[in-house]
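Inspection log for the structure reproduced underneath, given as structure tokens.
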Amino acid sequence: DGGITQSPKYLFRKEGQNVTLSCEQNLNHDAMYWYRQDPGQGLRLIYYSQIVNDFQKGDIAEGYSVSREKKESFPLTVTSAQKNPTAFYLCASSGRDRQNSPLHFGNGTRLTVT
Amino acid sequence: QKEVEQNSGPLSVPEGAIASLNCTYSDRGSQSFFWYRQYSGKSPELIMSIYSNGDKEDGRFTAQLNKASQYVSLLIRDSQPSDSATYLCAVNRGFQKLVFGTGTRLLVSP
Numbered sequence: 173d174g175g176i177t178q179s180p181k182y183l184f185r186k187e188g189q190n191v192t193l194s195c196e197q198n199l200n201h202d203a204m205y206w207y208r209q210d211p212g213q214g215l216r217l218i219y220y221s222q223i224v225n226d227f228q229k230g231d232i233a234e235g236y237s238v239s240r241e242k243k244e245s246f247p248l249t250v251t252s253a254q255k256n257p258t259a260f261y262l263c264a265s266s267g268r269d270r271q272n273s274p275l276h277f278g279n280g281t282r283l284t285v286t
Numbered sequence: 302q303k304e305v306e307q308n309s310g311p312l313s314v315p316e317g318a319i320a321s322l323n324c325t326y327s328d329r330g331s332q333s334f335f336w337y338r339q340y341s342g343k344s345p346e347l348i349m350s351i352y353s354n355g356d357k358e359d360g361r362f363t364a365q366l367n368k369a370s371q372y373v374s375l376l377i378r379d380s381q382p383s384d385s386a387t388y389l390c391a392v393n394r395g396f397q398k399l400v401f402g403t404g405t406r407l408l409v410s411p
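Chains as they are written, first to last, in the numbering used here: chain A, 173 to 286; chain B, 302 to 411.
Rendered as structure tokens:
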């Protein structure tokens, strides 16, 4: 079955440590996205990538980094510079018609930093 | 003013009733609109998309779009307790810019 796989489901880290969240898709989608969800604030766009080896900052990119070395993979690194990293992180992808294609989401990674 | 606004709720309806969820958006250039359902602790799941003015029906769900008034709504007929979730409105206001509302929590009581 095609889909988006995020791992791990839960992640715990100490403050000051970098952490990388995995996102893999086998939908053959060109575009991939990372969103962050906090209670009462909806989804906010962190980074997105339209094609391999290219990505753009979203609305809240500070303290995060990404790479897109393969079409199927779009890992997100939460760095120690991110001031409030505890959140629910969602990876998504969309098809070729980026203007009208809906996003398909992975199951999310819940990150807790103490 | 937020780009996409939704009443946070909760919206409480009895089983079998029609639930009406509303969303307004600020950018007149927005071209595509989506409704997602999100159960607590889970990721959003697409339930409807709509691109032109009018109604679009899919099973018990009807999406309504009025670009002149800048609102999009979702009607759920014959509401079931399993419909209890948060419903997110998302608006594509340009290339790669999908903006989400904060969601409306729906509670359907048996």
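Where a beta carbon is used, it is the ideal one built from N, C-alpha and C, also for glycine.
Indicate whether at least one CB of chain A lies closer than 8 Å to the CB of residue i.
i        : result
B:Phe335 : yes
B:Leu399 : yes
B:Val389 : Note that residue 389 of chain B is Leu in the sequence shown, not Val. Chain A, which has a Cβ nearer than 8 Å to the Cβ of B:Leu389, makes this yes.
Could you tell me which chain A residues have their CB closer than 8 Å to the CB of residue i, listed as they occur along the chain?
i        : result
B:Thr403 : Gly212, Gln213 and Gly214
B:Leu366 : Per Cβ cutoff of 8 Å: no residues; B:Leu366 is ~13 Å from chain A at best.
Taking the alpha-carbon positions, what's the residue i to residue j distance?
i        : j        : result
A:Gln197 : A:Gly267 : 12 Å
B:Leu366 : A:Thr177 : 32 Å
B:Gly310 : A:Glu187 : 35 Å
B:Glu316 : B:Leu376 : 14 Å
B:Tyr337 : A:Ala253 : 32 Å
A:Thr192 : B:Asn323 : 37 Å
B:Ile351 : B:Phe335 : 6 Å
A:Gln189 : A:Gly230 : 23 Å
A:Asp287 : A:Thr258 : A query on residue 287 of chain A cannot be resolved here, the shown segment of chain A reaching from 173 to 286 and no further.
B:Asp328 : A:Gly235 : 29 Å
A:Ser221 : A:Glu244 : 11 Å
Against residue i, what residues of chain B qualify as contacts under a CB-to-CB distance less than 7 Å, listed in chain order?
i        : result
A:Phe277 : Ser344 and Pro345
Regarding residue i and the ligand NAD, is the C-beta to nearest heavy atom distance less than 7 Å?
i        : result
A:Gly174 : Looking at this structure, you won't find the ligand NAD or any other ligand, since it has none at all.
Is the beta carbon of residue j closer than 8 Å to that of residue i?
i        : j        : result
A:Tyr207 : A:Leu217 : yes
A:Pro247 : A:Ser194 : yes
B:Val305 : B:Val400 : yes
Does chain B have any CB closer than 8 Å to the CB of residue i?
i        : result
A:Gly174 : no
A:Leu262 : yes
A:Asn272 : yes
A:Gly296 : Coverage of chain A is limited to positions 173 through 286, which leaves residue 296 of chain A absent and any answer about it impossible.
Mind listing the chain A neighbours of residue i? Cutoff is C-beta to C-beta under 7 Å, in chain order.
i        : result
B:Ser313 : Residues of chain A passing the Cβ test: none, with the nearest at roughly 19 Å.
B:Ser350 : Pro274
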